[in-house]
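Residue numbers for the sequence shown follow our numbering, so the first one is 2 and each next one is one higher.
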Amino acid sequence: MWNDFHELISNKKRFLISSHLSLDGDSVGSQIAMRWYLESLGKEVVVYNCDSVPRKFAFLSGAESFSTQIPEDRFDVVVVLDCSNLHRLGWEVATAAPLMANIDHHRDNTCFGSVNIVDNHAAATGEIIYRFFTEEGINYPPFVAEALYAAILTDTGGFRFSNTSSTILKICSELADRGADCSAIYERIYASHSPEGLLLQSRIWATLRYHLGGKVCSMELPLSLLDELGARYSDSEGMADFTITAEGVEVGMMIKYNDTESHFSLRSKGTIDVGRIAQKIPGGGGHFSAAGCTIEQPFDRAFSYMLEILAGELG
Ligand code: 5GP
Ligand code: MN
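Here is the structure:
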């Protein structure tokens, strides 16, 4: 699997790394680790993403060098991480380089790369990179162990989701041995809200409603609230996971909307495949238990439409 990757990168000098819109812990951590690896081989590397690094991941060493300035240069290879399709990158990558490596764990990955390393059994793209380093006997420094730990911690929902296996815990144990400080990382990611950010979360909690006889739970964020409170979009990250925490709820959804479009973060407890539901909307997709889609409608219409789909699925 990695032979093709080695072949792709050998004798190449200039690399661009990028990931999906609205960066999460896995996309930030994976990019830090891949950047370190390519630089350790003497390559020139630029990390570019449409969106900036969310405040809670900015402490990760290496994140400070991520750029949001669209690169005008040409590169030899683009490495796309944790991104199921090119649309999710949010920018026109095709002209940036003649070759592309696609490393991801989403099962709906469209294999858009010249080389595709897609393992949908991996809990995180960070796990795929960890395995690569381990198989190759690469001795990575503590800040890379920390980045990979953060990637896995966040994509397993803090070791709560069904992708939390004994294997993933063993991997994290090794990352801790290699220098990842588990309690410090927990505090920075889950317990360092800005005052406005936590206030925003309280307002989102207040929108909680049940539907379809209690099988569906929703929470809402009108994006105008961000300006009102001086909070950031990324302050709401993780809230979607709470929509699935009440007994009897089978599907949870968190809707972020403006006047023209509504983005749904869908969650399931494992009985309903929300990735398949998200795929019913153009551009939508994701995993079995966590997925998302954007309906190009104002909130009321988009919400009724989604409830109609869910009514059909839940019977
Ligand atoms: P979240 O709800 O946390 O933003 O995303 C949950 C999962 O669904 C992630 O794996 C993410 O990549 C995927 N996802 C979220 N929104 C979209 C979307 O609009 N399109 C696709 N294809 N996947 C999405
Ligand atoms: Mn991921």
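No residue lacks a Cβ here, since even glycine has one placed at the ideal position from N, Cα and C. Quick caveat, the model's predicted, so the values are computed rather than measured.
- Following the DSSP letters along the chain, one finds T126 inside the alpha helix (DSSP H) bounded by residues T126 to E137.
- With a threshold of 16 other beta carbon atoms within 10 Å, M2 falls short and is exposed.
- The bridge partners DSSP lists for S225 come to none.
- Closest by C-alpha distance to L39, out of F265, H288 and F134, is F134.
- Taking E8 as reference, the option from V78, K257, R36 and I310 with the minimal CA-CA separation is V78.
- Under the 10 Å beta carbon count, A181 is surrounded by 16 or more other beta carbons and is classified as buried.
- Under the three-state reduction of DSSP, D105 is assigned to strand.
- Scanning its chain for C-beta atoms nearer than 8 Å, with the 5 sequence neighbours on each side dropped, one finds around Q202 the residues H194, D236, S237 and M240, in chain order.
- Within the stretch 209-278, complete alpha helix (DSSP H) segments of at least 4 residues are found at 225-230, given in chain order.
- Using a 10 angstroms sphere on the CB of Y258, the tally of other CB atoms reaches 16 or more, which defines it as buried.
- Restricting attention to N4, A292 and G271, the CA atom closest to the CA of K281 is found in A292.
- T157: not part of any beta strand (DSSP E); DSSP gives it neither H nor E.
- Under the 8 Å Cβ criterion, the stretch 87-97 does not count as touching the stretch 127-144, having fewer than three qualifying pairs.
- In this chain, the beta strand (DSSP E) harbouring T295 covers A291 to I296.
- Between the stretch 304-315 and the stretch 257-275 there are three or more inter-stretch CB-CB distances shorter than 8 Å, so the stretches are counted as touching.
- Judged by DSSP in its simplified three-state form, L61 adopts coil rather than helix or strand.
- Residue side-chain check: T295 places its Cβ nearer than 7 Å to a non-hydrogen atom of ligand 1.
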